[in-house]
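*Asks:* Here it is, the structure, as structure tokens.
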Amino acid sequence: MKKFCLFVLVVIFSLFLEAQNLGKESIEVSGLNMNVDSLEILLEKAKEDTVKANLLNQLCWRYTFNNPEIGMKYGNQALQLSQKLDYSKGIGNAYVYSAWCLWALGNYNSSLRFALQSLYEFEDMEDNERIAWVYITISHVYRDIGDYEKALSNALKSIQVYCSIHINPRFSIAVAGSIYEKQNRLDSALEYVQKAYELDKQFYGGEWGWLPSLLGNIQVKLKNYKKALDYYHIAIPLAIDKNIKKDVVDIYNSLAGLYKEIGDTDSSIFFANEVLQKWQSTSYQKGVLEATNILAEAYKLKSDKDSIIKYLDLSVTLNKNLFDKDKQRDIQNLTFNEQLRQDEITKERTAFRNQLKMYALLAVGIIFLVIALLLWRNNQHRKKAYALLEKQKQKTDEQKLKVEQTLVELKSTQSQLIQSAKMASLGELTAGIAHEIQNPLNFVNNFSEVNRELVDDLKSELATGKMQSAIEIADNIKDNEEKINQHGKRADAIVKNMLQHSRSGSGKKEPTDINALADEYLRLAYHGLRAKDKSFNATTKTDFDETIGKINIVAQDIGRVVLNLINNAFYAVEEKAKQRGNGYEPLVTVSTKKNNGKVEIRVTDNGNGIPQKVLDKIFQPFFTTKPTGQGTGLGLSLSYDIVKAHGGELKVETREGEGAAFIINLSTS
Numbered sequence: 040m041k042k043f044c045l046f047v048l049v050v051i052f053s054l055f056l057e058a059q060n061l062g063k064e065s066i067e068v069s070g071l072n073m074n075v076d077s078l079e080i081l082l083e084k085a086k087e088d089t090v091k092a093n094l095l096n097q098l099c100w101r102y103t104f105n106n107p108e109i110g111m112k113y114g115n116q117a118l119q120l121s122q123k124l125d126y127s128k129g130i131g132n133a134y135v136y137s138a139w140c141l142w143a144l145g146n147y148n149s150s151l152r153f154a155l156q157s158l159y160e161f162e163d164m165e166d167n168e169r170i171a172w173v174y175i176t177i178s179h180v181y182r183d184i185g186d187y188e189k190a191l192s193n194a195l196k197s198i199q200v201y202c203s204i205h206i207n208p209r210f211s212i213a214v215a216g217s218i219y220e221k222q223n224r225l226d227s228a229l230e231y232v233q234k235a236y237e238l239d240k241q242f243y244g245g246e247w248g249w250l251p252s253l254l255g256n257i258q259v260k261l262k263n264y265k266k267a268l269d270y271y272h273i274a275i276p277l278a279i280d281k282n283i284k285k286d287v288v289d290i291y292n293s294l295a296g297l298y299k300e301i302g303d304t305d306s307s308i309f310f311a312n313e314v315l316q317k318w319q320s321t322s323y324q325k326g327v328l329e330a331t332n333i334l335a336e337a338y339k340l341k342s343d344k345d346s347i348i349k350y351l352d353l354s355v356t357l358n359k360n361l362f363d364k365d366k367q368r369d370i371q372n373l374t375f376n377e378q379l380r381q382d383e384i385t386k387e388r389t390a391f392r393n394q395l396k397m398y399a400l401l402a403v404g405i406i407f408l409v410i411a412l413l414l415w416r417n418n419q420h421r422k423k424a425y426a427l428l429e430k431q432k433q434k435t436d437e438q439k440l441k442v443e444q445t446l447v448e449l450k451s452t453q454s455q456l457i458q459s460a461k462m463a464s465l466g467e468l469t470a471g472i473a474h475e476i477q478n479p480l481n482f483v484n485n486f487s488e489v490n491r492e493l494v495d496d497l498k499s500e501l502a503t504g505k506m507q508s509a510i511e512i513a514d515n516i517k518d519n520e521e522k523i524n525q526h527g528k529r530a531d532a533i534v535k536n537m538l539q540h541s542r543s544g545s546g547k548k549e550p551t552d553i554n555a556l557a558d559e560y561l562r563l564a565y566h567g568l569r570a571k572d573k574s575f576n577a578t579t580k581t582d583f584d585e586t587i588g589k590i591n592i593v594a595q596d597i598g599r600v601v602l603n604l605i606n607n608a609f610y611a612v613e614e615k616a617k618q619r620g621n622g623y624e625p626l627v628t629v630s631t632k633k634n635n636g637k638v639e640i641r642v643t644d645n646g647n648g649i650p651q652k653v654l655d656k657i658f659q660p661f662f663t664t665k666p667t668g669q670g671t672g673l674g675l676s677l678s679y680d681i682v683k684a685h686g687g688e689l690k691v692e693t694r695e696g697e698g699a700a701f702i703i704n705l706s707t708s
């Protein structure tokens, strides 16, 4: 179950690699394709430093699968130089790469010793990537001496470490699969090797010949000989192209074994002889031993006694070199010592965890004690605070009564100020209306006086019989009456217009000509100010959009807003005129515009503008920049509320020293 869970972990990790598109190479592929000659040229020019130590280690690794004796030479040089430089990483690499060379030479006890020494180095450095690589090395040794449980344990540990640091565990998975194949656990073997093969094809182009070779071995044991041959034919050119002679030996031995099993003895002998004749230079004794065993069995089938004796003798010699009792005992001692070391590490970790638990319990006890003291202290404070709150509550109740009384007084004052503002607006409006009506009344009075004199003249002319003169006088009287009638209607229109605005005070929206309303209040405001101050003078300008038509508004309320904005504009230009003198021309512009289903009313002046520091406050109740006694600070606040009640918007644009523009946006519906 544990191993199954580990395999699930591997699959999940491989999916993680695919999602992240990780292709990071670990040590096991850190230069298999690099040119050995180039490395040796660099080595000749290298100084006695860590760069040279790394080059020596790389050369040791490159020769592992083709000429491990030379690899050992470079490994020894790398170890000596790294020890001289006190270069921990170089020392660890020299041990592990030399361990691989010793493994290839069949010197398993020395290989295991070197691998364990590198493990200690990398554990001190906490280098998890190289620790995982050492586990693979140890796994190879145990696999080849037949201790599959220890081999598998180290391979699975390697997978776990690689997954924890997000490095592609392709090599570790393949090694685990090869061990399952040796154990004849073929389902697990096929799962692991197939997964390694998929990772190799995805991230490295599927150029590692050992993987299809392993799949071929599994298919042989499953009796799928045709499929096995297909895999071997894929593996051979890959191994030859990469010049990995150890893999070529393994593949040829696999082919020899396959042909022996299916009864093709001649083909079996051919491939086994290929190993002995062409690949002995690899110093791969285990591969040579396997070839001699196959040849001995094949010649036994052919009843060739001389060949049987020859290859059995060779097999015995190789077996003795690889697996004699002293070497086996040495490996057992190393394994036992390593197990003791791991047990000691486990004991230390257990003791450390127990110590941590004790400290944790002690800390929890102290925390509970502190909490109890804090709770007691908080309870004492709570009692004192409760008594203090009771006193404060009494004071708060008293202050609440005072605040309520103050609020009542404030509301009363506010109502009075609002009423004052309304009366002030009414006074300004009344002055404007009076001026507007006064002009037509003056015409009516003047022409009435003239007509009285003309009637007297008419009577005189009729009395003397001058008919022509009487007719001319009568025509003049008629003309004057028409003018009296015209100016009377003008006064009547002004009165009716004001009455119409007054009737809108019910709050009911009615279709209103916004251009006429704005024009009317502009003139009324101007004449109202002129009535109060004869010296006041300003240029007024209008720019009305005639396509607007009528919109539904409460005319009296919007009229009050427009009047307030125009009065403020006149006040602004008047103040600037007092400061600038004759060189300044006051200008107030009222314009309308229809835009995206809304109507914009804009009142613009070229006064001093509004200072930025007070811009956020101008729509607040009772805020005013006018001197004391000249403004209540309610005009803009009330205007803002009226426009909001219409579902519109009132905003301001200003540049200090250049003027301001107040904009009303209203819906056309």
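To convert, note that position 329 of the sequence shown is 368 in my numbering; the numbers rise steadily by one, no gaps.
For each residue, glycine too, the CB sits at the ideal point set by N, CA and C.
#1: Apart from the five residues on each side of it in sequence, which residues of its chain come closer than 7 Å, Cβ to Cβ, to K299?
#2: Provide the residue(s) that pair with S630 in DSSP beta bridges, ordered along the chain.
#3: My output table needs one value for P550: the three-state DSSP class, helix, strand or coil.
#4: So is K234 buried or exposed if we call it buried at 16+ other beta carbons inside 10 Å?
#5: Is it the case that the Cβ atoms of Y134 and S157 are separated by a distance below 7 Å?
#6: Suppose contacts are defined by Cβ-Cβ distances below 7 Å. Is L254 in contact with Y270 by that definition?
#7: Could you check which residue in E613, N591 and D644 has the C-alpha nearest to that of A684?
#8: When DSSP labels each residue in this structure, what does V593 get in the three-state scheme?
#9: Quick one: grab the DSSP three-state call for I702.
#10: According to DSSP, is R694 helix, strand or coil?
#11: Could you tell me the alpha carbon to alpha carbon distance between D286 and E87, rounded to whole angstroms?
#12: Would I34 and L229 be called neighbours here (beta carbons separated by less than 7 Å)?
#13: Report yes if the C-beta distance between E695 and P666 is below 7 Å; otherwise report no.
#14: Would you call P625 buried or exposed, if buried means 16 or more other Cβ atoms sit within 10 Å of its Cβ?
#15: Tell me the rounded alpha-carbon separation between N490 and A570.
#16: Could you tell me the distance, in whole angstroms, from the CA atom of I702 to the CA atom of A530?
#17: Indicate whether A85 and G129 have their beta-carbon atoms separated by less than 7 Å.
#18: So E79 and L95 are supposed to be a Cβ contact under 8 Å. How far apart are they, rounded?
#19: When you compare only the Cα positions, how much space is there between Q116 and I109?
#20: Out of G302, T581, P479 and I605, which one is the CA nearest neighbour of K711?
#21: Our contact map puts K615 next to G646 with C-beta atoms below 8 Å; I'd like the distance itself, whole angstroms only.
#22: Please report the Cβ distance between K260 and L225, rounded to the nearest whole angstrom; I am assuming they are in contact, meaning their Cβ atoms lie under 8 Å.
#23: By the three-class DSSP mapping on this structure, what secondary structure does L689 have?
#24: If you check the beta carbons only, do D552 and K589 fall under 7 Å apart?
#25: Restricting to Cα atoms, I'd like to know which of I587, V691 and I640 is closest to D655.
#26: Identify whether T435 lies in helix, strand or coil by the three-state DSSP scheme.
#27: Taking its Cβ as the centre, do 16 or more other Cβ atoms sit within 10 Å of H205, making it buried, or is it exposed?
#28: Please state whether DSSP places F375 in a helix, a strand or coil.
#29: For H179, which of Y136, Y623 and D582 has the nearest alpha-carbon?
#30: Going by Cα to Cα distance, which pick from E313, Q324 and T304 is closest to D343?
#31: So, using beta-carbon positions, are I512 and D495 closer together than 7 Å?
#32: So what's N635 in DSSP terms, helix, strand or just coil?
#33: Tell me, to the nearest whole angstrom, how far the beta carbon of V600 is from that of S678; I am working on the premise that it is less than 8 Å.
#34: May I ask you to verify whether the stretch 170-178 touches the stretch 188-197, counting CB pairs closer than 8 Å and requiring at least 3?
#35: Which stretch, first to last residue, makes up the alpha helix (DSSP H) that contains D303?
*Replies:* Let me lay it out:
#1: Stepping through the sequence shown from its first residue, residue 299 is reached at position 260. Hits under 7 Å: S307, I333, E336 and A337.
#2: Within the sequence shown, the letter at position 591 stands for residue 630. Paired residues: D582 and R641.
#3: One-based indexing of the sequence shown puts residue 550 at position 511. Of the three classes helix, strand and coil, the one that applies to P550 here is strand, per DSSP.
#4: In the sequence shown, residue 234 corresponds to position 195, counting from 1. Buried is the call here.
#5: As a working note, residue 134 is residue 95 in the sequence shown. As a working note, residue 157 is residue 118 in the sequence shown. Yes, the pair counts as a contact, with Cβ atoms nearer than the cut-off.
#6: By one-based count along the sequence shown, residue 254 stands at place 215. By one-based count along the sequence shown, residue 270 stands at place 231. For L254 and Y270, yes; Cβs fall inside 7 Å.
#7: The sequence position of residue 684 within the sequence shown is 645, counting from 1. Ranking E613, N591 and D644 by Cα distance to A684 puts N591 first.
#8: Taking the first residue of the sequence shown as 1, we reach residue 593 at position 554. Coil.
#9: Reading the sequence shown from its first residue, position 663 is the one you call residue 702. Of the three classes helix, strand and coil, the one that applies to I702 here is strand, per DSSP.
#10: Numbered from 1 along the sequence shown, position 655 holds the residue referred to as residue 694. Residue state for R694 is assigned as strand, using DSSP reduced to three classes.
#11: Within the sequence shown, numbered from 1, the residue matching residue 286 stands at position 247. Within the sequence shown, numbered from 1, the residue matching residue 87 stands at position 48. Each residue's alpha carbon lies about 34 Å from the other.
#12: Only positions 40 to 708 of the chain appear in the structure, and residue 34 is not among them; the question remains open.
#13: On the sequence shown, position 656 is the one that residue 695 refers to. On the sequence shown, position 627 is the one that residue 666 refers to. In this structure, P666 does not lie closer than 7 Å to E695 by Cβ.
#14: As a position in the sequence shown, residue 625 is number 586, starting the count at 1. So P625 counts as buried.
#15: What you label residue 490 is simply residue 451 of the sequence shown in a count that begins at 1. What you label residue 570 is simply residue 531 of the sequence shown in a count that begins at 1. Approximately 30 Å, taken between the alpha carbons.
#16: Within the sequence shown, the letter at position 663 stands for residue 702. Within the sequence shown, the letter at position 491 stands for residue 530. Each residue's Cα considered, the two are about 31 Å apart.
#17: Counting from 1 along the sequence shown, the entry for residue 85 is found at position 46. Counting from 1 along the sequence shown, the entry for residue 129 is found at position 90. For A85 and G129, no; Cβs fall outside 7 Å.
#18: Residue mapping note: residue 79 aligns to position 40 of the sequence shown, counting from 1. Residue mapping note: residue 95 aligns to position 56 of the sequence shown, counting from 1. That belief does not hold up - the Cβ atoms of E79 and L95 are roughly 10 Å apart, past 8 Å.
#19: For the purposes of this step, residue 116 is taken as the residue at position 77 of the sequence shown. For the purposes of this step, residue 109 is taken as the residue at position 70 of the sequence shown. For Q116 and I109, the distance between alpha carbons rounds to 11 Å.
#20: In the structure displayed, the chain extends from 40 to 708; residue 711 sits before or after that span and is not available.
#21: Position 576 of the sequence shown, counted from the first residue, corresponds to residue 615. Position 607 of the sequence shown, counted from the first residue, corresponds to residue 646. Between G646 and K615 the Cβ distance is about 5 Å, and since that is below 8 Å, they are a contact.
#22: Position 221 of the sequence shown, counted from the first residue, corresponds to residue 260. Position 186 of the sequence shown, counted from the first residue, corresponds to residue 225. Between L225 and K260 the Cβ distance is about 6 Å, and since that is below 8 Å, they are a contact.
#23: In the sequence shown, residue 689 corresponds to position 650, counting from 1. Residue state, collapsed to three classes: strand.
#24: For the purposes of this step, residue 552 is identified with residue 513 of the sequence shown, where counting begins at 1. For the purposes of this step, residue 589 is identified with residue 550 of the sequence shown, where counting begins at 1. Yes.
#25: Locating residue 655 in the sequence shown gives position 616, where the first residue counts as 1. That would be V691, whose Cα lies nearest to the Cα of D655.
#26: As a working note, residue 435 is residue 396 in the sequence shown. Helix, per DSSP.
#27: Locating residue 205 in the sequence shown gives position 166, where the first residue counts as 1. With fewer than 16 other Cβ atoms within 10 Å, it is exposed.
#28: To locate residue 375, count along the sequence shown from 1; it is residue 336. Summary for F375: the model assigns pLDDT 40, below 50, so the residue's position carries little reliability, and this model does not support an answer.
#29: Counted from its first residue, the sequence shown places residue 179 at position 140. Nearest C-alpha to H179: Y136.
#30: Translated into the one-based positions of the sequence shown, residue 343 becomes position 304. Relative to D343, the option among E313, Q324 and T304 whose CA is nearest is T304.
#31: Counting from 1 along the sequence shown, the entry for residue 512 is found at position 473. Counting from 1 along the sequence shown, the entry for residue 495 is found at position 456. No.
#32: As a working mapping, residue 635 is identified with position 596 in the sequence shown. N635: coil per DSSP, three-state reduction.
#33: As a first step, residue 600 must be located in the sequence shown, where it is residue number 561. As a first step, residue 678 must be located in the sequence shown, where it is residue number 639. Separation of the CB atoms of V600 and S678 is rounded to 4 Å, and the pair is thereby assigned contact status at 8 Å.
#34: yes
#35: One-based indexing of the sequence shown puts residue 303 at position 264. Element bounds for D303: n/a, residue is neither H nor E.
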